Amino acid sequence: MALDFAAGCIGGAAGVLVGHPFDTVKVRLQVQNVDRPLYRGTYHCFQSIIRQESMTGLYKGIGSPMMGLTFINAIVFGVQGNAMRKLGRDTPLNQFLAGASAGTIQCVICCPMELAKTRMQLQGTGEKKSKRKLYKNSLDCLVRIYKKEGIRGINRGMVTTLMREMPGFGVYFLAWDSWTRYLGCEPEDPYMILKLLFAGGMSGIASWISTYPVDVIKSRLQADGVGGVNQYSGIMDCVRQSLKKEGWRVFTRGLTSTLLRAFPVNATTFATVTLFLMYMREGQECSIVDSEQQPVPLQPQTQPTSM
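What follows is the structure, given as structure tokens:
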């Protein structure tokens, strides 16, 4: 358990470093004002952030996912592993159910973490050096929100986070299990690393596509009130207003950036964790196999970050 925990932290950190710039672009595109849009698309958003805020602008809010990795990965590993043992058989359905269980429970950490990340990513939009920073860092952001709005404030977006994470984790683990079985990712395979990279990347893409519309609403609810005025009274109000102003395309806003991020993040995470575990468990059997009398496959079981 301790070894899985360490591997998840290392792999998760690698994934965050690779994917956070894409996540910043995704959030900016999701929440920008449709009447006065700052960005024309994914590439223009990247270009504008770098020009106006420098490269560091792409890494705003990275402290929050980094802080939450330890807790999130510990929860995910523990819950998913225990769920698989309770379910008994390593089947596609059980992979989905175990993943969904892990996704549900880790929302306790994930929701406040993503709230702070979103608020930090929006701070100083368009400014190379923010003249006035409302939040010093991710922890200060959560403290200020708690002082102003209490527990309810730091859990803003919890319902939409659950709606995203429960099926998202289920699809993610199901896709990972299916891809690794199909590709035959065995330790002695000379192309194992490439196969793991591909399987991890495709699993991340499948997970995000399955839940992306919910993520758009979650981002909008968590960003609501940043300027001092709340636009939405709840989930359905946010859906209604978004549809009325922007149409169905609102639910794909930022999707290109998300998918560009999903592949390298999950490919990096899976490869890092798997290689770490293989190195630490050298000499032990770790094959990916099929059903009842066979062991659960060696899996770096992490969410695509914060999918």
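Reminder that position 287 of the sequence shown reads as 286 in numbering that gives the first Met the number 0, one-by-one numbering, no gaps.
Backbone N, C-alpha and C define an ideal beta-carbon position, used for all residues, glycine too.
Only a predicted model underlies this, so the values are computations on that prediction, with no experimental measurement involved.
Proximity test, Cβ basis, 7 angstroms: residue i and chain D
i, result
"ALA5", "Going by chain labels, chain D is absent from the structure shown, which holds only one protein chain."
Cutoff 6 angstroms; reference residue i; Cβ partners in own chain excluding five residues on either side
i, result
"GLN29", "VAL215, SER218, ARG252 and GLY253"
"GLN105", "ILE71, ILE74 and VAL75"
"LEU161", "CYS106"
"VAL78", "SER100, ALA101 and ILE104"
"THR255", "THR41"
"CYS184", "MET191, LYS194, LEU195 and ILE287"
"PHE250", "PRO212 and VAL215"
"PHE172", "GLN94 and GLY98"
"LYS244", "VAL33"
"ALA174", "SER202 and ALA205"
Cβ shell of residue i (< 7 angstroms), same chain only, five flanking positions each side left out
i, result
"LEU133", "GLN122"
"MET119", "LYS59, GLY60, SER63, TYR134, SER137 and CYS140"
"GLU284", "Since pLDDT at GLU284 reaches only 48, below the 50 mark, its modelled position is unreliable, and the value read off the structure follows with that caveat. No residues qualify anywhere along the chain."
"ASN154", "CYS110 and PRO111"
"ALA5", "none"
"VAL311", "In the structure as shown, the chain begins at 0 and stops at 306. Residue 311 is therefore absent and cannot be evaluated."
"CYS44", "VAL24, ARG27, LEU28 and TYR38"
Exposed unless 16 or more other CB atoms sit within 10 angstroms - verdict on residue i
i, result
"MET279", "exposed"
"SER286", "Bear in mind that the predicted position of SER286 carries a pLDDT of just 45, short of 50, making it too unreliable to give a figure here."
"TRP207", "buried"
"ILE150", "exposed"
"ASN265", "buried"
"LYS146", "exposed"
"ASP236", "exposed"
"TRP178", "buried"
"THR55", "exposed"
"GLU187", "exposed"
"LEU242", "exposed"
"GLY14", "buried"
"SER100", "buried"
"ARG248", "exposed"
"ARG27", "buried"
"VAL213", "buried"
"TYR190", "exposed"
"GLU113", "buried"
Contact set for residue i: own chain, Cβ-Cβ below 8 angstroms, skip 5 residues either direction
i, result
"ILE9", "THR271, VAL272 and PHE275"
"MET83", "ASP89, ASN93, GLN94, ALA97 and VAL295"
"LEU182", "LYS194, PHE197 and ALA198"
"TYR58", "HIS19, PRO20 and THR23"
"GLN65", "The sequence given here has Met at residue 65, not Gln. Cβ within range, chain order: ALA12 and VAL15."
"LEU86", "ASN93, LEU96 and ALA97"
"ILE49", "GLY56 and LEU57"
Contact check, residue i vs residue j, beta carbons under 7 angstroms
i, j, result
"PHE269", "GLY199", "yes"
"GLY169", "ILE108", "no"
"GLY203", "GLY102", "no"
"SER137", "SER53", "no"
"THR257", "LYS25", "yes"
"VAL33", "PRO263", "no"
"THR117", "GLN221", "yes"
"ARG260", "THR210", "no"
"GLY156", "ILE144", "no"
The ligand MG heavy atom lying under 6 angstroms from the CB of residue i
i, result
"GLY11", "This structure lacks the ligand MG, and indeed carries no ligand of any kind."
Legend entry - Runs of alpha helix (DSSP H) lying entirely within the segment 101 to 143, each at least 4 residues, in chain order: 106 to 121
Legend entry - Entirely enclosed alpha helix (DSSP H) segments - the segment 148 to 192, minimum 4 residues: 157 to 182
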